[in-house]
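Report on the following structure.
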Amino acid sequence: GRNRFIMIRSNPADMKDPIKRAGRMLLSKAAVPIQCGIRRYLAKREALDRMWAIVQVQCYIRRWRCETNFQAHIHSATLIQKTTRGWSARERIKRSHLSATMIQKIVRG
54 GRNRFIMIRS NPADMKDPIK RAGRMLLSKA AVPIQCGIRR YLAKREALDR MWAIVQVQCY
114 IRRWRCETNF QAHIHSATLI QKTTRGWSAR ERIKRSHLSA TMIQKIVRG
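Using my numbering, read the sequence shown as starting at 54 and increasing by one per residue.
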């Protein structure tokens, strides 16, 4: 973002008073490392925030992919069960009809 502090950028050589010039140079030497440290801290904090946001997005996408894959497996298992149960029921009915036919054949002669 923009800097909230307005720095007076005047050349120390333009100042007529040597004490003010020395004070300005001393303040400048003290302020630059502090500003550098604050900017570094803010940049690191923003980078960490972005990194954690990326991690969250990756987490949600991985979860969604796993859930989709799991649902596909459940659907496949259900399809296999359905097919097996249908086949088993048809075999039972076939055996029943065969048994009924045998009984009728014996009874009718």
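The beta carbon of each residue, even a glycine, is placed where N, CA and C say it ideally should be. Keep in mind that this is a model prediction, so the values were computed, not measured.
CA-to-CA distance, residue j to residue i, given in whole angstroms
i	j	result
residue 149	residue 130	28 Å
residue 83	residue 100	26 Å
residue 136	residue 112	36 Å
Under the three-state DSSP convention, the category residue i falls into
i	result
residue 135	helix
residue 162	coil
Can you list, in chain order, the stretches of the alpha helix (DSSP H) that have 4 or more residues and sit fully within the segment 67-117? none
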